[in-house]
């Protein structure tokens, strides 16, 4: 099933710059890995914010929580998860 | 460019039922038409709410406002529009 | 999977009293039916409010939306849905 | 009586890692102990957040406050407590 | 146990004036009755608002919900219930 | 006249523990002293929070501000003050 | 003592225009009367809003509530009352 | 001086359609008139909302309130006014 | 013209005490100076808060911003500025 | 297309003063450069706040995000971006 996730990143300003750079690089690698696996079909930047809007396609809340908490930036994320359903006017669902 | 739009529908309870049914049917037809044209690539229902989350792909704010205000339900919608940008970790953008 | 749902009921004060009584009775019957089927394991009243907190156990967001929108009071409900996961300190999950 | 409690955990990023690990382990032990005693019948993780939703079954506000403030993580918790009552459509209460 | 309740009253402006006057009178009678019984030890007006702050002394959430929903104005009330506990610096509790 | 005050305490986590213990002890002594003097007739803990709800009985806003700012914890308090009036249905005021 | 009051006026759009005009005229007369009596030393319009910010000088919360609820527009007002104290840097108070 | 004004329009759904059309036409005429006079240098639509963001250039709060309350739609507007000042990095002000 | 300003002061707890005392003394001196000059006709403490409500009488937004940012505590202030206009029921304006 | 951006600046109080001064100077230079290039046609200070309201004129969300994140103060900014469209009553758009 699909979940809409908004993630806001807030890395403390006094974090060691090398540590910060390392985490950000690991985050990117992990994000690409999850996208390749198919569980993270969409990932967009919100203009002007250190935030993203994502769509996840998973089997359960347990799977989604495991994925999100596996992100290297997770300790610095505020995640807002909204469950989605098929819309009755969705073209793909109505074979329109 | 892409815009994230959340639409919350609030049709007054005392609206004439036939009028209501007619508007809802017109809304569905218009939504399908816009999706077929390519400007409305994603449309999801928020679970438990008379609301949707949509992604629009348009040239400008003028085009998006024209599309949204052309929806038959527009007088009863609260729209929240968030501009999107390419995310640096987006697999499609990094040819990952 | 489990979802936490808060429902706030707001029936318009000028609704016909017989219609209101009929909907409320249908709501109760439907709620009992869904509880018997196992998809609605918990239902509590919030003290002092015409609101409830519920736990649903369903396969997907589509199933949950279908259940919620089948409630006779749905047009008068504000639903807030929060997806749940197993807690690492949950006694049942740790066979504690 | 039953209380619904939402707990949001915010451990300062600069807390000593050993101290942090110790507190988290003590918290888990205390949570299991309280669950075994019957006062904490439900404990769920909120997907994507370092937060839980819990149901407590206690005699009074004094007892609940004593339990919550006995949690090793209490100094880092934001607790939101909502008193619950039996719902008139609750299957268990209506011997349905 | 003690509960803090804030009640905001919002009677629709188009309610029949006689009906309104009757409900308000019944509300006062019921409020006095509950205060005499000892379950409603404090009742204050918030300056400038059609609202009150009350303290209730009851056995359980079920009892409090039964009391509040027995108020003639209940359909027009927004109630906010906060459970209270003994404060460690309360003079009465420390036999100070 | 009566004022309703909600106080939320937020002592910085990195405050010296001895200093913290000293301030908390002074706060308790001062709270008891004010209660004995009659200006602070009620003091309750909010369940699950490092917060209290208090009723003060003073002559003026100047007196109340002087009392609150004399509290040893004042630098760490967020105070929310609501002026109260006699409620027309208050049993004590209606010689009920 | 002084109180800061913000009043937001919301007269229902379907109120009879003559009734509306009469209430607004009575409100103005009552406001002038109270200002002349000295209890309402300041009254300002908030630019662009059907709202005002006022300072009242009264003996008690009871007196202020009596004044506010005597306003002909009171049923359509949202009042927000903030108690004031002398500021230590106030020129008038420091005979500066 | 400059003021930033956000206006949200909420015309009641049951307003007579002819009356509504007349007010909207008068509003447009008045808006053009004020723009021509120089007091309303900028007027933008917020995408997806029946709202605008405007810049006004007036002598005082009195003048701005008089202008805003002269708008035919004023009874249906929520106006939010923010006073502006010259920004130290403004190119026009630094003759950059 | 008149502006209503609410200022909330939040001096970091770890600021050097001498530096803090010096700034607070300079703030008081500057506040008295501005009051004597006539641009700051009213200054009140909000009961229980390290906040004030002020009325400023200035020519423009530029002048007000210059005054506020000249305050020694400005780096620690949250200012909320509301433009005021003459109220049609103001006694002083109606030569009542 | 046009975007409305509100930027709130929050530079940590413990940032090295020289570093701070350097960033602020670079910010000003970059702001002037972007204004000269035509993409940032308006920039205003909000009175009493370390905040600005800006209008940007860019081709896309990608371009706007690139511009905003190129600002030296970006790590300390909270940006709120609102897409704009031509208003039907805009004098410039109606050849008025």
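Chains as they are written, first to last, in the working numbering: chain A, 974 to 1069; chain B, 974 to 1069; chain C, 974 to 1069; chain D, 974 to 1069; chain E, 974 to 1069; chain F, 974 to 1069; chain G, 974 to 1069; chain H, 974 to 1069; chain I, 974 to 1069; chain J, 974 to 1069.
Backbone N, C-alpha and C define an ideal beta-carbon position, used for all residues, glycine too.
Since this is a predicted model, take the numbers as computed values, not measurements.
### Task
Inspect the beta-carbon positions of residue 1046 of chain I and residue 1000 of chain I and report whether they are closer than 8 Å.
On the ninth chain, position 73 is the one that residue 1046 of chain I refers to. On the ninth chain, position 27 is the one that residue 1000 of chain I refers to. In this structure, residue 1000 of chain I lies closer than 8 Å to residue 1046 of chain I by Cβ.
### Query
For residue 1026 of chain A, does the three-state DSSP call read helix, strand or coil?
Along the first chain, read from residue 1 onward, the residue named residue 1026 of chain A stands at position 53. Here residue 1026 of chain A sits in strand by DSSP.
### Runs of beta strand (DSSP E) lying entirely within the segment 976-1025 of chain F, each at least 3 residues, in chain order
Counting only runs that start and end inside the segment 976-1025 of chain F, the beta strand (DSSP E) elements of at least 3 residues fall at 1015-1019.
### Message
With a threshold of 8 Å between beta carbons, is residue 1022 of chain H in contact with chain B?
### Response
The count along the eighth chain starts at 1 and reaches residue 1022 of chain H at position 49. True, the Cβ-Cβ gap to chain B drops below 8 Å.
### Message
Within the continuous beta strand (DSSP E) that includes residue 927 of chain I, where are the two ends?
### Response
A question about residue 927 of chain I goes unanswered here, because the residues of chain I that appear run from 974 up to 1069.
### Task
Tell me whether the beta-carbon of residue 1004 of chain E lies closer than 8 Å to the beta-carbon of residue 1062 of chain F.
Here residue 1004 of chain E refers to the residue found at position 31 when the fifth chain is read from its first residue. Here residue 1062 of chain F refers to the residue found at position 89 when the sixth chain is read from its first residue. Contact flag set, yes.
### Task
Have a look at residue 1040 of chain B and residue 1059 of chain A and give me their C-alpha separation to the nearest angstrom.
Residue 1040 of chain B sits at position 67 when you count from the first residue of the second chain. Residue 1059 of chain A sits at position 86 when you count from the first residue of the first chain. Rounded to the nearest angstrom, the two C-alpha atoms are 22 Å apart.
### Query
For residue 1066 of chain E, does the three-state DSSP call read helix, strand or coil?
Locating residue 1066 of chain E in the fifth chain gives position 93, counting from the first residue. Three-state result, residue 1066 of chain E: coil.
### Distance, residue 1014 of chain E Cα to residue 1069 of chain F Cα
The sequence position of residue 1069 of chain F within the sixth chain is 96, counting from 1. The sequence position of residue 1014 of chain E within the fifth chain is 41, counting from 1. With a pLDDT of only 48 at residue 1069 of chain F, under the threshold of 50, the placement of this residue in the model should not be trusted; the figure read from the coordinates follows. Their Cα atoms are separated by approximately 13 Å.
### Query
Where residue 1065 of chain C and residue 1008 of chain D are concerned, what is the direct C-alpha to C-alpha distance, given to the nearest angstrom?
Taking the first residue of the third chain as position 1, residue 1065 of chain C is located at position 92. Taking the first residue of the fourth chain as position 1, residue 1008 of chain D is located at position 35. The straight-line gap from Cα to Cα measures roughly 9 Å.
### Query
Can you find a C-beta in chain A that's less than 8 Å from the C-beta of residue 992 of chain D?
By 1-based counting over the fourth chain, the position of residue 992 of chain D is 19. No, no contact with chain A.
### Query
Name the residues in the segment 1013-1046 of chain J whose C-beta lies less than 7 Å from a C-beta of chain A; which are they?
1034, 1037, 1038 and 1041
### Message
Quick check: the segment 1030-1039 of chain D against the segment 984-992 of chain C, are at least 3 beta-carbon pairs closer than 8 Å?
### Response
no
### Query
Apart from the five residues on each side of it in sequence, which residues of its chain come closer than 6 Å, Cβ to Cβ, to residue 1051 of chain D?
Position 78 of the fourth chain, counting from 1, holds the residue named residue 1051 of chain D. Contacts found: 981.
### Query
So, using beta-carbon positions, are residue 975 of chain H and residue 1057 of chain H closer together than 8 Å?
In the eighth chain, residue 975 of chain H corresponds to position 2, counting from 1. In the eighth chain, residue 1057 of chain H corresponds to position 84, counting from 1. Less than 8 Å separates the beta-carbon of residue 975 of chain H from that of residue 1057 of chain H.
### Task
Kindly indicate the opening and closing residues of the alpha helix (DSSP H) around residue 1042 of chain D.
Here residue 1042 of chain D refers to the residue found at position 69 of the fourth chain. Start and end: 1034-1042.
### Task
Flag residue 977 of chain F as yes if its beta-carbon sits less than 8 Å from any beta-carbon of chain D, otherwise no.
Here residue 977 of chain F corresponds to residue number 4 of the sixth chain, with the count starting at 1. Taking CB atoms only, residue 977 of chain F has no neighbour in chain D less than 8 Å away.
### Query
So which residues on chain G does residue 1054 of chain H lean against when the C-beta distance must stay under 9 Å?
Looking up residue 1054 of chain H in the eighth chain gives position 81. By Cβ distance, chain G contributes 1019, 1020, 1021 and 1022.
### Query
Which residues in chain J sit within 7 Å of residue 1063 of chain H, going by Cβ to Cβ distance?
For the purposes of this step, residue 1063 of chain H is taken as the residue at position 90 of the eighth chain. Near residue 1063 of chain H (Cβ distances below 7 Å), the residues of chain J are 1016.
### Query
Of all the residues that make up the segment 986-1010 of chain B, which are near chain A by a beta-carbon distance shorter than 8 Å?
1000, 1001, 1004, 1005, 1008 and 1009
### Query
Does any residue of chain C bring its CB to less than 8 Å from the CB of residue 1059 of chain A?
Within the first chain, residue 1059 of chain A is the residue found at index 86, counting from 1. Yes, contact with chain C.
### Task
Using a threshold of 8 Å, state whether the C-beta atoms of residue 1042 of chain D and residue 978 of chain D are closer than that.
Here the question's residue 1042 of chain D lines up with position 69 in the fourth chain. Here the question's residue 978 of chain D lines up with position 5 in the fourth chain. Going by C-beta atoms, residue 1042 of chain D is not nearer than 8 Å to residue 978 of chain D.
### Message
Let me see if you follow: with CB-CB separation under 8 Å, is residue 1069 of chain E close to chain G or not?
### Response
Counted from its first residue, the fifth chain places residue 1069 of chain E at position 96. Reliability fails at residue 1069 of chain E, whose pLDDT of 48 lies under 50, so the model's placement of it is uncertain and no value is given.
### Query
Under a CB-based cut-off of 8 Å, is residue 974 of chain J close to chain B?
Position 1 of the tenth chain, counting from 1, holds the residue named residue 974 of chain J. With its beta carbon less than 8 Å from one in chain B, residue 974 of chain J belongs to the interface.
### Query
Of the residues A:1017, A:1048 and A:1024, which one's Cα is nearest the Cα of residue 1022 of chain D?
Here residue 1022 of chain D refers to the residue found at position 49 when the fourth chain is read from its first residue. Residue A:1048 is the option with its Cα nearest to residue 1022 of chain D.
### Separation of residue 996 of chain F from residue 1044 of chain F, as counted between CA atoms
Residue numbering aside, residue 1044 of chain F sits at position 71 when the sixth chain is read from its first letter. Residue numbering aside, residue 996 of chain F sits at position 23 when the sixth chain is read from its first letter. Here the alpha carbon of residue 1044 of chain F sits roughly 9 Å from the alpha carbon of residue 996 of chain F.
### Inter-residue spacing [alpha-carbon to alpha-carbon] between residue 1016 of chain J and residue 1025 of chain J
In the tenth chain, residue 1016 of chain J corresponds to position 43, counting from 1. In the tenth chain, residue 1025 of chain J corresponds to position 52, counting from 1. Rounded to whole angstroms, residue 1016 of chain J to residue 1025 of chain J spans 7 Å at the Cα level.
### Task
Pull up the CB-CB distance for residue 984 of chain H and residue 1055 of chain J, whole angstroms please, since I reckon it's below 8 Å.
Position 11 of the eighth chain, counted from the start, is the residue given in the question as residue 984 of chain H. Position 82 of the tenth chain, counted from the start, is the residue given in the question as residue 1055 of chain J. Actually they do not touch by this definition, with Cβ atoms about 22 Å apart.
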